[in-house]
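The C-terminal residue of the sequence shown carries number 167 in this note's numbering, and the numbering is unbroken.
We put the beta carbon where it would ideally sit given N, CA and C, even for glycine.
Nothing here was measured: the structure is a model prediction, and the numbers come from that model.
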Amino acid sequence: MITPLDIQNKRFGKSLRGLNEIEVEEFMALIVRSMEDLIQVNIDTTSKLQECEKQLERYIAMERTINDAMILAQRTSEDMIKNANDKAAFIIEKADEQAKRLIGDANNEVLSVIKRHEEAKHAMQTFQMRFRVLVENQLKTLEETME
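The following block contains the structure:
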């Protein structure tokens with residue numbers, strides 16, 4: 021690759037009807053400045069490109085991080101929903117078992133009360149019958165003693 025210094029140091033030989041030295045020098049100076057400007061633009065562009073590539077890498081890394089965070093958040097929410105559903109099912113199952121147990125206990129208590137009522141009723145009838153017999157016997161004895 022030719023550099024501005026190569027152009028600046030280039031010397032041309034002279035011939036009989038040679039070139040106008042001033043025009044050649046002015047044109048060479050113009051070429052040198054243009055090349056220097058182009059090289060500087062190239063350096064600036066390369067620097068900006070490298071900076072853009074670094075920034076792009078940072079953005080790509082940020083995108084990966086955001087995607088990973090979104091995936092983690094989605095998995096976490098799915099796990100939370102599953103856990104909540106499992107817990108709700110467990111609570112419902114336990115409540116159902118407890119309700120059945122309470123109903124069973126209440127039924128047993130009702131049966132026990134009915135049985136005690138029947139026993140008390142039977143005991144009352146037995147008492148009434150014995151008391152009647154006792155009263156009748158006492159009346160009979162009283163009548164016999166009065167005669």
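To the nearest angstrom, report how far apart residue i and residue j are at their CA atoms.
| i | j | result |
| --- | --- | --- |
| L36 | M48 | 21 Å |
| K120 | L131 | 16 Å |
| N62 | E56 | 10 Å |
| N105 | A143 | 56 Å |
| F32 | T65 | 34 Å |
| M90 | E71 | 28 Å |
| T85 | T96 | 16 Å |
| K34 | I51 | 21 Å |
| N127 | K102 | 37 Å |
| I123 | F151 | 41 Å |
| A108 | K135 | 40 Å |
| D116 | E83 | 49 Å |
| I111 | M100 | 16 Å |
| Q28 | K74 | 37 Å |
| L154 | T146 | 12 Å |
| K160 | M149 | 16 Å |
| I80 | D88 | 12 Å |
| E113 | L76 | 55 Å |
Can you tell me where the alpha helix (DSSP H) holding residue i begins and where it ends?
| i | result |
| --- | --- |
| R150 | 41–166 |
| I27 | 24–29 |
Out of the options, which one is the CA nearest neighbour of residue i?
| i | options | result |
| --- | --- | --- |
| I22 | T161, S54, N87, C72 | S54 |
| L58 | P24, R78, K160, M100 | P24 |
Please indicate yes or no: does the CB of residue i lie closer than 7 Å to some heavy atom of the ligand SAH?
| i | result |
| --- | --- |
| E56 | The ligand content of the structure shown is nil, which means the ligand SAH is not present either. |
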